[in-house]
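>
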Amino acid sequence: MKAFLILEDGTVFEGTSIGSTREVISEIVFNTSMTGYLEVLTDPSYAGQAVCMTYPLIGNYGITPDMESGRPWPDGFIVRELSRIPSNFRCQGTIQDFLVKHDIPGIAGIDTRALTKILRDRGTMNGMITTNENYNFEEIQPKLKAYQTGDVVSKVTCESKSVLPGAGKKVALLDFGAKKNIAKSLNDRGCEVTIYPAHTKAEEILKTNPDGIMLSNGPGDPKDCGPIIDEVRKLYESNTPIFAICLGHQLMALATGADTHKLKYGHRGGNHPVKDLETGHVYISSQNHGYVVDTDKLDPKVATPAFVNVNDGTNEGLKYTGKNIFTVQFHPEACPGPQDSGYLFDRFIKMMGGNQ
Amino acid sequence: MPKRSDIKKVMVIGSGPIVIGQAAEFDYAGTQACRSLKEEGVEVCLVNSNPATIMTDKEIADQVYIEPLTVDVLKQIIIKEKPDSLLPTLGGQAGLNLGMELAESGFLAEQGVKLIGTTAETIFRAEDRQAFKDTMEKLGEPVAASLVVNTVEDGIKFTNTIGYPVVLRPAYTLGGSGGGIAHNQAELVEILTNGLRLSRVHEVLVERCIAGWKEIEYEVMRDANGNCITVCNMENIDPVGVHTGDSIVVAPSQTLGDKEYQMLRTSALRIIDELGITGGCNVQYALHPESFEYCVIEVNPRVSRSSALASKATGYPIAKVAAKIALGYTLDEIPNAITKKTFASFEPMLDYCVVKIPRLPFDKFITATRKLTTQMKATGEVMSICNNFEGALMKAIRSLEQHVDSLMSYDFCNMTDEELNEALTVVDDRRIYCIAEALRRGVSYEKIHNITQIDIWFIDKIKILVEMEQRLASEELTVELLKEAKRIEFPDNVIAQLNGKLTEEQVRKMRYDNGIVAAYKMVDTCAAEFDAMTPYYYSVYGSENEAVKTNDRKKVLVLGSGPIRIGQGVEFDYCSVHATWAFAKEGWETVIVNNNPETVSTDFDIADKLYFEPLTNEDVESIVNLEKPDGAIVQFGGQTAIKLTEHLMKIGVPILGTKAEDVDAAEDRELFDEILEQTQIPRAAGGTVFTAEEAKEVANRLGYPVLVRPSYVLGGQGMQIAFNDEEIEMFMDIINQIAQDHPILVDKYLQGKEIEVDAICDGENILIPGIMEHIERTGIHSGDSISVYPAHTISQDIKDKIVDYTERLAKALHVLGMINIQFIAMDGEVYVIEVNPRSSRTVPYISKVTGIPIVDLAAKAILGHKITDMGYKPGLQPEADYIAIKMPVFSFEKLRGAEISLGPEMKSTGECLGIAKTFEEALYKAFLGAGVVLPKYKQMIITVKDADKPEALEVAKRFEKLGYTIYATRSTAKYLQDGGVDARWVNKITQESPNVMDLILGHKIDLVIDTPTQGHGDKTRDGFLIRRNAIETGINCITAMDTAVALATSLESATTEYTLVDVAKI
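So the protein lines, in turn, are chains A and B. Mapping to my numbering: the first sequence position 72 is 72, numbers consecutive. If you count the second sequence from 1, you need to add 10000 to reach my numbering.
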């Protein structure tokens, strides 16, 4: 069946429908990872967005257990070519069936490189995936322009608290849409990880006297998370060691007086170089973010940059002055992407007084 | 970290002559690195014995020594040039070994020379088998269990601990001879016994067999700060068991999930970090197809063939970055030359798929076994880029120039199902075609996978191509079907052939009428995330075109020479690159089309635009449609480019330089005879034929022996000397295995002195940089002959005649640009052998030793400049003060079963140069450069045919005087003894031990002189076995008496004090 991707600037790509045939409007973003489409699909940070994979051959190894959450989150999936058959010893099914099962629409067979260049040049924009050949752009355009990702954190966070048992440090993980590998990375290092829903009050967490608090990644504009920011501020004031990733990093910055802004087309992929400003060492990192912390307005008494993106000089991490808090914009938990910055989990455990 | 201030002058070691396993990729890497060093203001002193390379140009380095790559020579150059640093990681294994030896001997420290780019310890830990194993163990990185054994008993004992099957690799044998896979004790005993015997040190490595696992490679970079990145990973379609150089390789990996991908990536980074490499490194893995188990196969602590491929596949210039790292820069300080916005500290992201196919030489060595093993056999490779795998595979296939353009090109359809099943188990270069046939017959994916161990994902892709074949053959060609066929890169001629009703032209018209045309996408290292500046393109169908119109300068299309193969080597890339530079200097916009990832010409900053595409009529036409060049230049790209001439003219592209009809006149027998008549130049009598009957008739009229050859070929492919009707029949049969568009030539064979010239003609005058003379008499291909400049044994009268004939021929053929002519001088007369109105293999060598920039001048002549205006006096140029000798280098040891005796068909893979003040020293250096390091044991074997016995006696006397003990088989021994040489008689192979074979396997013989019984039909398997065994045990083997005489001369004047010539100063 034919499908169309219609961008808010009027560009239309014609391709083939994959997954669900339902119509969807979303923010269109691209990811440059060459492997890890499954981790991308199941990363809750993509809630409210439709993802285009720049690598043209997708689905080669099918669906495996490598999922970062219980279900796929993007509103839509855009690929050049979906493999006819998957091949892998752990393969449990195809992308096509997976998308259908979770009612996620997609489009294949389009010139994904042309789409990427449009998003790069004109900035991230909204779009619609539809199988309706008789669409009327005049009617659609206002709807596309009106689309906002909104409060997607509430959509993706867990419903109730859960615990991953461990004999080591006690970590409270605030789930804004956490990828599974964050909890796993801590748990693998012996931590007992208690996962809290995003809207949990600071008091509830602090009264359990955790050794450390982990703020997770998550979707959307950090400024849409007003109430959460207030709770994060209380965590900041508690003097508990805190490590934050991605959205968590942005929320901590907003909670302590810094500002964030939207990047033209974001960083999504597994090849972004980040430099540790303390050592000068450069790590290749996994990234998925559309917003970034403004360093110009940073108060050095509160926080100073700890990591910077080598490509565009944007902030990639902060160190909080006088606090046992450090936060990063990128994803040390990888999945997909390089595992180079996994040492940060060790650093967090050390910060909590652990041996790692 | 900024640039180190203590590095001001760097010595770079090249990789020497092109041999199988060490080819043009090191010219590419070395050239890029030298330019990168010079960019930083560092003085570069280059040493490489290979004169055909671009890196040995004076534009590339400040001092250029085309000298033998031996420790002694390097020491003398270091003392003379006083570099402060030595960069050994760009010259392949050869360069690395030399750097290591210089460091270990303490010489570098003594001279105050730093090893940069790596340390001796790093090299040791990566290269030494035990040190490597220890390092991997320390890291917890798995390697396949192995043990070096000296007895069969130890081998059995060890195998019992690790289990069958095991791989056996004898130490110090060449071409993997004596090795194999043992599945049970009986096989183990058999292979091990033989392997121990073949091994000079009586050692065999017994290793756990991981054949059938996925073979994955990572290209990694690290700087002195410890920052690491991976440039690219690659997956071999052929599982472990086939050398990666002989495998079909895809980049990036296709069947690995992120988990597998990152697991191996992390491992590669740990290894490069532990080894402390500063620069590039290649790590090869075997990955179990059904688990996460893996083994590290090998680590190369240097740039390699794979890094050249990775550079071209991603656009990330590994050698350039490695050179900057060697100077002390860190990855985050080195700009990404493609985006110019980002830095070298990132990982390239591809939004396309790359396929590499090796170019195997079995069309040259018909007796060699086609089986692919862990010993590399490919002479070169092609790469293609597309946004789908099927398309990339199809493009790579037709880039090979082996008369293949689809999966139907090797026809297995006449086999029975049983035969096909059997064929599937054979691991050779035809395996994918065989799989395609199996799929046509409905054999299941599982069955094919079980036999071949090739991943089902790839088998399905082949099936998609097969399904398209079937649709094109059975359905009407609709626009939709045509679109889909083009998306997966079916060429128009194959579509027409399958359709059966439409011609290729009609298919093309249908495409154009419906707007189904190739679009070009950019290789930008970042999957379009950043705006890129570098115009490096590949074609796709069904997408938006990105190749932009540049400017309104005049535009020239330069056609490259495709994959490196015997007969068309790196020399033609040298010519293409120089032609491009020359046109750029003249203000032209330059566009290169080529498909060889190992070359300088496919580096993204050589021409204004690079199209990485197959060199076929259709693919070039698509580029022409978009670029609309003002002209095309074909005379520098070897036969590959010449073959495109006709079509380029048809589509209205002017050919710059000599016109196509004049090229034809040189190739077409009748036209050429007319020209010779008209210019009154004699040639050997001959005729043109199509059939064996005609050939025999001509041969009998001329009288045997005759030379038989197809027209329009390079490297004398298919050329043979026939002594009787029977041989004519055999040769004609071989030639006609491939359909011939042009007639076959049969000429009287004249045995005389062979002379060669390259000349430039501006339409009025000619310029001859020099005359070359061959050591071997006619009958041995010019590419396989030792060539001497200036010609030193011919009279002035002959030289004058040659100049005169060259001028007459250049004018008669209306040559504008390059011409190459081969002559025979015999009894005071000069005959023409052949004329090639194009650049030749000797151009780079002659340019360097005369200091005359031949390609540059030829390009200017093509553009209308006159020789007299370029500062040269027409005619033969004054002879240089040096004698320069070009020595052919062979790779016979890599090709099991290949016949090594020389003849009219070219067999050498590369060449090296000996340059000195005297003929004798030049000759000695040339042999040394070719790896003939004698004497060792001062024992030799002579076994020659009767006609050669008088000359063999003279040679034997000279070797005896040099202290050699001479062994000979019965009749040769008797002849030598009668002539006063104390030759020792040794039994033939078929006779009882000790015989000649025992002598060879005693590993104490320096040299075998074996001239085969005349003709191709060398039925004396004895000779063949002697030659093969000599080669496989590393004995020098000479098959022509002239070569033997030259070697004697060289050894008589052996020296350890060399005149070192800085070629950049000539």
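No residue lacks a Cβ here, since even glycine has one placed at the ideal position from N, Cα and C.
#1: Gln10822/B bridges to which residues according to DSSP?
#2: Can you check whether the CB of Ile11026/B is closer than 8 angstroms to the CB of Glu10812/B?
#3: Rounded to a whole number of angstroms, what is the C-alpha to C-alpha distance between His289/A and Gln329/A?
#4: Strictly below 9 angstroms CB to CB, what residues from chain A border Met10349/B?
#5: Enumerate in chain order the residues of its own chain whose CB-to-CB distance from Asp11062/B is below 6 angstroms, with the five nearest sequence positions on each side excluded.
#6: Since Ala306/A meets chain B, which of its residues come closer than 7 angstroms, beta carbon to beta carbon?
#7: Tell me which residues share the same chain as Ser83/A and place their Cβ nearer than 6 angstroms to its Cβ, disregarding the 5 neighbours each side in the sequence.
#8: Which residues in the same chain as Ala10473/B place their Cβ atom closer than 6 angstroms to its Cβ, once the five residues preceding and following it in sequence are excluded?
#9: Specify, as a first and last residue, the run of the beta strand (DSSP E) that Phe4/A falls within.
#10: Residues in the same chain with beta-carbon distance under 8 angstroms from His10647/B, minus the five sequence neighbours each way, listed in chain order, please.
#11: Could you name each continuous alpha helix (DSSP H) segment of 4 residues or more that falls completely within the stretch 254-314 of chain A, going from the start of the chain to the end?
#12: Does DSSP put Phe10343/B in a helix, a strand or coil?
#13: Please say whether Val10746/B and Gly10686/B have beta carbons closer to each other than 8 angstroms?
#14: For Phe4/A and Tyr147/A, which I take to be in contact (beta-carbon distance under 8 angstroms), what is that distance rounded to the nearest angstrom?
#15: According to DSSP, simplified to helix, strand and coil, what is Gly11017/B?
#16: Hey, does Pro338/A have any beta-carbon neighbour from chain B nearer than 8 angstroms?
#17: Report the option in Ala10496/B, Lys10949/B, Met11041/B and Gln10022/B whose CA atom is closest to the CA atom of Ser10971/B.
#18: Measuring alpha carbon to alpha carbon, tell me which residue in Lys169/A, Thr112/A, Leu164/A and Ala198/A is nearest Phe176/A.
#19: Judging by CA-CA distance, which residue of Lys10461/B, Thr10550/B, Val10507/B and Arg10553/B is the nearest neighbour of Thr11069/B?
#20: Which partner residues does Pro105/A have in the DSSP bridge list?
#21: Helix, strand or coil, according to DSSP, for Ser341/A in the structure here?
#22: Would you call the CB atoms of Ile28/A and Cys52/A closer than 8 angstroms?
#23: Quick check: Asp75/A and Ala50/A, are their CB atoms within less than 8 angstroms of each other?
#24: Considering only their Cβ atoms, is the gap separating Gly266/A from Thr149/A smaller than 8 angstroms?
#25: On the three-state DSSP scale, how would you describe Ala10144/B?
#26: Are Val10391/B and Glu10489/B closer than 8 angstroms when you measure CB to CB?
#27: Going by beta-carbon coordinates alone, are Lys10696/B and Ile10744/B separated by less than 8 angstroms?
#28: Would you list, in sequence order, the uninterrupted beta strand (DSSP E) runs of no fewer than 3 residues that lie entirely inside the stretch 10963-11006 of chain B?
#29: If you draw a straight line from the C-alpha of Asp10662/B to the C-alpha of Tyr10433/B, how long is it?
#30: By Cβ distance below 6 angstroms, which residues in the same chain neighbour Ala10660/B in space, the five residues on each side in sequence not counted?
#31: Measure from the alpha carbon of Lys11065/B to the alpha carbon of each residue in Asp10057/B, Val10249/B and Asp10492/B, then state which is nearest.
#32: Using DSSP with H/G/I as helix, E/B as strand and the rest coil, what is Ala198/A?
#33: Compute the Euclidean distance between the alpha carbons of Ala11048/B and Ala11054/B, then round it to the nearest angstrom.
#34: Determine the chain A residues that contact Phe10927/B at a beta-carbon separation under 8 angstroms, and present them in chain order.
#35: Just curious, the alpha helix (DSSP H) that Arg10508/B is in, first and last residue?
#36: What are the residues in the stretch 10289-10323 of chain B lying within 9 angstroms of chain A by C-beta distance?
Reading it off the structure:
#1: Glu10756/B and Glu10834/B
#2: In the sequence as presented, Glu is not what sits at residue 10812/B; that position holds Ala. Between Ala10812/B and Ile11026/B, the gap from beta carbon to beta carbon reaches 8 angstroms or more.
#3: If you take the alpha carbons of His289/A and Gln329/A, they lie about 8 angstroms apart.
#4: Thr32, Ser33, Met34, Thr54, Tyr55, Gly269, Gly270 and Asn271
#5: Gln10063
#6: Neighbours of Ala306/A on chain B: none; closest Cβ ~16 angstroms, over 7 angstroms.
#7: Excluding residues within five positions, the ones whose Cβ falls inside 6 angstroms are Gly59 and Asn60.
#8: Leu10498
#9: Lys2 to Leu7
#10: Asn10617, Val10620 and Glu10621
#11: Complete alpha helix (DSSP H) runs here, min 4: none at all.
#12: strand
#13: yes
#14: Not really, about 16 angstroms apart at Cβ, beyond 8 angstroms.
#15: Because Gly11017/B sits at a pLDDT of 48, beneath the cut-off of 50, its placement in the model cannot be relied upon, and the point is left open.
#16: yes
#17: Lys10949/B
#18: Ala198/A
#19: Since the first and last residues shown for chain B are 10001 and 11066, residue 11069/B lies out of range.
#20: Gly19/A and Ser20/A
#21: helix
#22: yes
#23: yes
#24: no
#25: Under the three-state reduction of DSSP output, Ala10144/B falls in the coil class, being neither helix nor strand.
#26: According to the sequence provided, residue 10391/B is Gly. The question's Val does not apply to it. Contact flag set, yes.
#27: No, they are not a contact pair.
#28: 10965-10968
#29: 39 angstroms
#30: Thr10645 and Met10649
#31: For the residues Asp10057/B, Val10249/B and Asp10492/B, the minimum Cα distance to Lys11065/B belongs to Asp10057/B.
#32: coil
#33: 10 angstroms
#34: The premise fails here: Phe10927/B is roughly 49 angstroms from chain A at the closest Cβ pair, so nothing lies under 8 angstroms.
#35: Glu10504 to Asp10513
#36: Pro10289, Glu10290 and Ser10291
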